[in-house]
Amino acid sequence: MPFSRNPTTADQPLVVAKILHFRRQAPWMYALLSINGAALACSYIGYAPRILTHAVPAMMILLALWRIIAWVLPPTPQMLTETGARIVIRRTTVLGALFAIAFVTWALCLARYGGPYQQAHVVVFIGTTVLGCLFCLTHLPTAANVVGVLVCVPFLLFCLLNGNAVFIGIALNIALVTLVFMIVLRDMHRIFENLVASRNALFAERQQAQRLSDENRALAHTDSLTGLPNRRYFFGALEALLASRQGTATPKPPEPFCVGVLDLDRFKAINDTYGHVCGDRLLGAIGARLAADTFAPMTVARLGGDEFGVLYDGPPEQAEPAIRHLCESIHRPIAIDGLEVTLGCSAGIAVYPEAGTTAHALFDRSDYALYHVKAHRRGGCEVFSHEQEALIRVEQRVEAALQVACLERELEVHYQPIFDTRSMTVSSVEALARWKSPVLGEVPPETMIAAAERLGIINAVTLTLFARALEGLAVLPDPISLSFNLSAQDLMSRTTMREIVRMILATNISPTRIVFEVTETSLVTDMATAREALERVRSVGVRTALDDFGTGYSSLGSLQELPLDILKIDRTFVNGMATGTGRSMVAAIRNLAQTLSLECTMEGIETESQLIEVSLAGYRYAQGYLLGRPMPIDALLMTLREHHVQLPDPVPH
Numbered sequence: 000m001p002f003s004r005n006p007t008t009a010d011q012p013l014v015v016a017k018i019l020h021f022r023r024q025a026p027w028m029y030a031l032l033s034i035n036g037a038a039l040a041c042s043y044i045g046y047a048p049r050i051l052t053h054a055v056p057a058m059m060i061l062l063a064l065w066r067i068i069a070w071v072l073p074p075t076p077q078m079l080t081e082t083g084a085r086i087v088i089r090r091t092t093v094l095g096a097l098f099a100i101a102f103v104t105w106a107l108c109l110a111r112y113g114g115p116y117q118q119a120h121v122v123v124f125i126g127t128t129v130l131g132c133l134f135c136l137t138h139l140p141t142a143a144n145v146v147g148v149l150v151c152v153p154f155l156l157f158c159l160l161n162g163n164a165v166f167i168g169i170a171l172n173i174a175l176v177t178l179v180f181m182i183v184l185r186d187m188h189r190i191f192e193n194l195v196a197s198r199n200a201l202f203a204e205r206q207q208a209q210r211l212s213d214e215n216r217a218l219a220h221t222d223s224l225t226g227l228p229n230r231r232y233f234f235g236a237l238e239a240l241l242a243s244r245q246g247t248a249t250p251k252p253p254e255p256f257c258v259g260v261l262d263l264d265r266f267k268a269i270n271d272t273y274g275h276v277c278g279d280r281l282l283g284a285i286g287a288r289l290a291a292d293t294f295a296p297m298t299v300a301r302l303g304g305d306e307f308g309v310l311y312d313g314p315p316e317q318a319e320p321a322i323r324h325l326c327e328s329i330h331r332p333i334a335i336d337g338l339e340v341t342l343g344c345s346a347g348i349a350v351y352p353e354a355g356t357t358a359h360a361l362f363d364r365s366d367y368a369l370y371h372v373k374a375h376r377r378g379g380c381e382v383f384s385h386e387q388e389a390l391i392r393v394e395q396r397v398e399a400a401l402q403v404a405c406l407e408r409e410l411e412v413h414y415q416p417i418f419d420t421r422s423m424t425v426s427s428v429e430a431l432a433r434w435k436s437p438v439l440g441e442v443p444p445e446t447m448i449a450a451a452e453r454l455g456i457i458n459a460v461t462l463t464l465f466a467r468a469l470e471g472l473a474v475l476p477d478p479i480s481l482s483f484n485l486s487a488q489d490l491m492s493r494t495t496m497r498e499i500v501r502m503i504l505a506t507n508i509s510p511t512r513i514v515f516e517v518t519e520t521s522l523v524t525d526m527a528t529a530r531e532a533l534e535r536v537r538s539v540g541v542r543t544a545l546d547d548f549g550t551g552y553s554s555l556g557s558l559q560e561l562p563l564d565i566l567k568i569d570r571t572f573v574n575g576m577a578t579g580t581g582r583s584m585v586a587a588i589r590n591l592a593q594t595l596s597l598e599c600t601m602e603g604i605e606t607e608s609q610l611i612e613v614s615l616a617g618y619r620y621a622q623g624y625l626l627g628r629p630m631p632i633d634a635l636l637m638t639l640r641e642h643h644v645q646l647p648d649p650v651p652h
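What follows is the structure in structure tokens.
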């Protein structure tokens with residue numbers, strides 16, 4: 000029934016709990032008064048005046064029905080407050096007193112009429128009604144006491160004055176029972192108060208536990224440095240998005256959503272230069288920017304380091320501009336400890352379900368798109384495409400073949416000559432990796448090296464290739480030196496560098512005939528460790544060269560910080576020598592190298608005119624397809640025999 004339900008079971012003041020429990024009993028109490036009153040009035044019809052049998056009971060029954068309706072209606076918000084509940088209790092007590100006075104006065108007036116049966120009905124009416132009302136007023140003890148006193152005292156006095164011994168005995172019995180009821184009700188109310196207090200205490204404990212649980216959950220899903228959601232939250236939200244798409248069995252295709260990965264450009268260099276404290280503050284400032292620029296349906300989380308994840312619950316044509324805006328926001332200068340720092344940001348995006356239908360697949364595809372952007376268009380934003388999917392399959396095939404490859408049997412070294420432009424003789428050769436897989440056939444060296452780095456076997460590949468290169472160098476004429484490329488992982492591995500030094504010292508080859516080439520991208524990983532590795536090999540007489548100079552942002556810093564002997568200029572400068580600006584740039588680089596006492600080698604010579612321009616610009620050493628393509632050691636020795644009847648004079652480097 001409507002009046003049997005409490006609107007809430009939350010933490011409540013005691014007075015509110017009293018009202019909410021009394022609401023369930025009040026309609027029954029007034030219904031009892033109405034039914035008993037109507038029955039008594041009917042038994043007196045013809046014995047008492049019509050005003051007592053019709054008018055008065057009708058008016059009192061109407062008032063009782065009004066109170067029933069008032070209690071059946073939903074409680075007002077004011078009633079559920081402590082102040083409002085106290086007002087309702089006081090009003091109920093007063094109304095209870097008035098109803099008690101009215102009904103007992105009416106009943107005693109009727110008792111003056113009728114015969115013994117009618118008068119007995121009055122006694123029964125008063126006794127049953129007062130006990131029923133007391134039961135209903137269990138949760139309002141003050142009102143119960145008032146009603147009990149106002150009914151029993153007048154009734155007892157009436158019976159004593161009447162002088163009827165039977166009525167006096169009945170009145171005393173009803174008064175005694177009422178007194179016992181009031182004592183029991185007081186104890187029941189005390190138990191009720193304790194229950195309410197216990198419930199409120201339990202509710203408070205649950206609220207506290209819930210608050211602690213919510214705080215722990217928030218801490219577990221929040222990155223402490225940036226205040227953004229963390230990696231755990233990101234993948235949980237990604238799984239929830241997948242579940243929402245895959246849990247609907249509809250014929251319509253699932254709604255797309257996008258997974259993005261953001262990576263900061265140049266953050267590591269800034270972190271290494273200014274310290275981790277500055278780097279942490281920088282990440283905090285970036286986190287604040289990302290949080291301010293995030294809007295529904297987009298979620299941004301920090302995945303770790305300088306990498307951030309983005310979930311966009313919408314199509315790529317909406318997600319890509321939103322993620323580009325995040326990259327542009329990061330690119331704006333940031334003031335940290337008096338410094339103005341500018342970072343770049345690259346982003347890769349994968350779209351569900353085209354790029355994948357699992358969290359692992361979507362994240363990997365977005366990460367691959369990010370890798371593609373950083374390799375070809377740093378600072379851009381790119382959506383994973385079918386072309387990239389084909390590249391992934393190729394890479395997976397290469398990785399699978401490389402994992403089972405016999406490196407000693409399948410890896411080869413080809414040698415590309417480097418010429419002295421003054422005498423047009425071979426001064427050195429560059430060792431270049433070649434892999435002929437029995438499964439895949441000829442694999443491009445850059446593809447093989449990248450796969451080896453991903454698999455973590457690049458050090459083994461390097462040592463195998465270097466051993467082959469030393470074998471080739473041993474059969475080359477003494478003036479010719481050997482250039483060998485080292486990767487970033489090689490420089491970071493002290494074990495690999497120690498083994499390389501051991502291999503050099505174990506041969507009869509002069510270390511001065513060996514040149515180790517490193518690229519700027521391999522140095523950015525950890526400049527201090529790279530410098531230490533290069534100084535170690537130079538300590539035994541090996542020379543070092545910076546390869547592909549001019550393609551990185553930190554070229555000048557690398558020249559100052561690293562122990563270098565040779566500078567190899569990237570082929571892009573050769574292509575630009577057709578213009579006056581390009582020639583001036585090449586000459587400026589040559590002058591810079593001379594100032595730093597570095598030899599220069601120009602890469603990418605493919606035409607006679609380029610060779611002439613390079614020679615006129617003062618570059619003594621040149622390398623390119625015009626002068627010689629990479630070739631096996633046997634072909635190189637044959638070329639040397641055909642073109643060099645006498646050995647060239649030693650060329651200092």
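So the sequence shown is numbered by this note's numbering: it starts at 0 and just counts up by one.
All C-beta atoms, glycine included, are put in the ideal place defined by N, C-alpha and C.
| Item | Value |
| --- | --- |
| Between which two residues does the alpha helix (DSSP H) carrying M59 extend? | 55-71 |
| Give a yes or no on contact between the region 49-57 and the region 83-94, applying the rule of three or more CB pairs nearer than 8 Å. | no |
| If I60 and S33 are in contact, beta carbons under 8 Å, what's the gap, nearest whole angstrom? | 5 Å |
| Excluding the five sequence neighbours on either side, which residues of its own chain have a C-beta within less than 6 Å of the C-beta of Y660, listed in chain order? | Residue coverage of the chain in this structure runs from 0 to 652, which leaves residue 660 outside it and unanswerable. |
| Indicate, with yes or no, if the ligand FMN has a heavy atom lying under 7 Å from the CB of P76. | As for the ligand FMN, it is missing from this structure, which has no ligand bound. |
| Which stretch, first to last residue, makes up the beta strand (DSSP E) that contains Y46? | Neither: Y46 is in no beta strand (DSSP E) and is coded neither H nor E. |
| Rounded to a whole number of angstroms, what is the C-alpha to C-alpha distance between P314 and V428? | 53 Å |
| Could you spell out where the alpha helix (DSSP H) holding A448 opens and where it closes? | Here the sequence assigns Ile to residue 448, which means Ala is not the residue at that position. Here the alpha helix (DSSP H) through I448 covers 444-454. |
| In three-state DSSP terms, what is S426? | strand |
| Which residue wins for smallest C-alpha separation from T446, given the options L406, S426, E398, F483? | E398 |
| Closest to L178 by C-alpha separation, out of R210, H188, L130, V165, would be which residue? | L130 |
| Identify which residue in F154, T141, S492 has its Cα closest to the Cα of A101. | F154 |
| Which residues share a DSSP beta bridge with P416? | V428 |
| CA-CA distance, H220 and T356? | 24 Å |
| Using only the alpha-carbon positions, how far apart do P651 and I333 sit? | Caution applies to P651, whose pLDDT of 41 falls short of 50 and renders its modelled position unreliable; the value that the coordinates give is listed next. Going from the Cα of P651 to the Cα of I333 covers about 48 Å. |
| Which of helix, strand or coil does DSSP assign to R582? | helix |
| What's the C-alpha gap between R265 and G343? | 7 Å |
| Can you tell me which of F465, L563, V536, E534 puts its alpha carbon nearest to the alpha carbon of L545? | L563 |
| Can you round the beta-carbon distance between I503 and P510 to whole angstroms, since I take them to be within the 8 Å contact cut? | 5 Å |
| Quick one, are the C-beta atoms of A30 and I67 less than 8 Å apart? | yes |
| Going by beta-carbon coordinates alone, are A300 and L227 separated by less than 8 Å? | yes |
| Is the beta carbon of C257 less than 8 Å from the beta carbon of A349? | yes |
| Going straight from the alpha carbon of L13 to that of G259, what length do you get? | 54 Å |
| Taking the C-alpha atoms as reference points, what is the distance between R273 and R421? | This sequence places Tyr at residue 273; Arg is not what is there. Distance between the alpha carbons of Y273 and R421: 46 Å. |
| Could you round the C-beta distance between V122 and L109 to whole angstroms and report it? I think they count as a contact, below 8 Å. | With a Cβ gap of about 11 Å, V122 and L109 do not count as contacting. |
| If you draw a straight line from the C-alpha of G83 to the C-alpha of Q77, how long is it? | 5 Å |
| Short check: CB of C599 to CB of L639, under 8 Å? | no |
| Go through its chain and collect everything with a Cβ distance to C132's Cβ below 6 Å, but skip five positions before and after it. | M28, V146 |
| Tell me the start and end of each unbroken alpha helix (DSSP H) in the region 515-550 that is at least 4 residues and wholly inside, in chain order. | 519-523, 526-537 |
| Anyone know if the C-beta pair for D292 and L325 falls short of 8 Å? | yes |
| Look up I632 in the DSSP assignment and give the residues it is bridged to. | In the DSSP output, where bridge partners are listed per residue, I632 has none listed. |
| If you reduce the DSSP assignment to three classes, tell me which class D264 lands in. | strand |
| So who's on the other strand from T298, going by DSSP bridges? | L310 |
| If we call anything under 8 Å between Cβ atoms a contact, is P255 one with Y351? | yes |
| Go to Y351, then tell me how far its beta strand (DSSP E) extends in each direction, as first and last residue. | 343-351 |
| Looking at the unbroken beta strand (DSSP E) that takes in S480, where does it start and where does it end? | 480-484 |
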